[in-house]
Structures are given as C-alpha cells and as structure tokens.
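Each residue of the sequence shown is one higher than the one before, counting from 5 in the numbering used here.
Positions of the beta carbon are idealized from the N, C-alpha and C atoms, including for glycine.
Since this is a predicted model, take the numbers as computed values, not measurements.
Below: one structure, written as structure tokens.
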Amino acid sequence: MAPSRLLASWLLCLAPVFANPVTVKWTDWISGSPSGGTASGVINTGSSTVAVSYLNPQGYAFLQTGTGIDYFQNHLGAAGSPFTSSVVANIPTAAEMIGLHHAGNQTLVFSETIANPFFSYISLNGNGYAFDRDFDILSFGSSTDPEGPNYNGYWGHGTSFKQIVNLPGGGIEYQLLGTGEPHGTIRFRGAFNSVSWRSLSNEYWNGFTVGVEGTAAQVFGTPDGANMTTLLGLAGGFLVLLRRRQAGRR
5 MAPSRLLASW
15 LLCLAPVFAN
25 PVTVKWTDWI
35 SGSPSGGTAS
45 GVINTGSSTV
55 AVSYLNPQGY
65 AFLQTGTGID
75 YFQNHLGAAG
85 SPFTSSVVAN
95 IPTAAEMIGL
105 HHAGNQTLVF
115 SETIANPFFS
125 YISLNGNGYA
135 FDRDFDILSF
145 GSSTDPEGPN
155 YNGYWGHGTS
165 FKQIVNLPGG
175 GIEYQLLGTG
185 EPHGTIRFRG
195 AFNSVSWRSL
205 SNEYWNGFTV
215 GVEGTAAQVF
225 GTPDGANMTT
235 LLGLAGGFLV
245 LLRRRQAGRR
C-alpha cells in the first residue's frame, strides 16, 4: 500500500480517539404563548447567539422558562440520566421545556445555520413524533437500576424506537415511538436552519427541548490551530516510522 494511502487509513482510524461526548448548548426559552402556539428562546454557542423560534398552529400546553419543576433531572446527575450518553455529556437545562398537548405539525426555526441538533423529550407515552428528517436515538431511560446508566426519567422508565414510514405521496416520515414512559435524546446529523415534525396524537402532556453542538461554521469549519498542529505532528511521526520501516526492508 502506498504511504499516502496508509496515512489516510491511519488518520481515519485515529478519528474516534479524538471523539469526546458533546457538551450540548441547550435552548434558553424566554417567552411564548401556549394558546397562540409560539415560543422564542436563544442558544449561546460560545461565539454566537442563535435565536430559536417555535411555531405550533394547534397551540401547546405550557412553557417553562427556567422556573417550576425540573422534569429533566432524575437526581442522579449526568452519569445516570436518560438524556446523556457516550455522545451527550450534559442534561438539558433545568425547567426549560415546551409541554405539548395536541396532534399536528410544528416547526423550530434557527436564526443561524446550526450543526447536529439534539432533541430531548419527556413522557412520550401514548404519543409519538414524526419527523421529516432521519435521526439517531442516543439514549432513553429504560433502566430501573439507580446505579446503572440511563435510569428512568421523571415519570418512569420506557423504551424508544424509530419507525420509517413511506407516505402515499412518495415522502418519508421518521417516527419516534416508544413503550412505557419514554424519556430520552435523539440527534439529527448535519447543518439545519429548521426542524419540523408532527405529533401523532392528542395527549396531555409530553415535552421537549432542543440543543445544538454549535453553529455550522463552528462545527464544520476548518480545525483550529491547536488541533491542526496536533494532527500534523502525529501524521509526521507516523511518516517517519513508516520510512524507517521501509528503509529496513532494503
């Protein structure tokens, strides 16, 4: 194999070593009108403040803006939470949530293109969400062991699964369904300006919040100087070892 191909293969193998759980930037919900079906908030990504707008023509049950019961906390910390995983490091912000009630379509719109949105949900029993984009199920609270990961959520434990549905008009729906009292987190991969979904049934209540890895520019931009220097240094060391090995064969 040519050295350049060996190097490329080595770097691909090295990539997971640098992968760490993401500290998600969760939405700070500021204001809204449940009867009017609107809500607004912001996400602070560190270098940018992204405005988040929520629209639900059917209306919704309630909005939490940092006060009231913290339905995301199961009192075990991040290690035992149904919302964290090997991908997500932190629990959604306390008492920052939209509570849903009605079946129907709804949309989240971001003022700036964001990367890899995370969607955490609470008490999705008797309901489901049908998204217009594919997603990964990262975690859900199915464990009844307080010492184990992904312990049950505020309202109990349950499982989550994805069902892909081919629609009559040729489209595709990606449905988030479950059993019991599902609490968990899913992720959409890529760059987004909006996320739309449909609540499948009327049920009082189930809730959600949304977070991001960062803006698209932050996440998908060029690696910063420190990371690039590290990668180039490791690549250079690999090439030196490769050349020594080849010289020893002559």
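In this structure, the straight-line span from the alpha carbon of residue 173 to that of residue 99 is close to 39 Å. Distances from the alpha-carbon of residue 41 to those of 111, 132, 140 and 189 put 111 closest.
The residues 179, 180, 181 and 204, in chain order, have a CB closer than 7 Å to that of residue 132 in the same chain once the five nearest residues on each side in sequence are set aside. Distance from the CA of residue 66 to the CA of residue 212, rounded to the nearest whole angstrom, comes to 11 Å.
Contact annotation: residue 46 and residue 217 have beta-carbon atoms that are not nearer than 8 Å.
Beta bridge pairing from DSSP links residue 30 with 215. Taking the C-beta atoms as reference points, residue 209 is found nearer than 8 Å to residue 103. In this structure, residue 144 keeps its C-beta atom at 8 Å or more from the C-beta atom of residue 130. Rounded to the nearest angstrom, the Cβ distance from residue 202 to residue 134 is 4 Å, consistent with a contact under 8 Å. Cα atoms of residue 214 and residue 121: separation of roughly 7 Å, rounded to the nearest angstrom. Collapsing the DSSP output to three states places residue 139 in coil.
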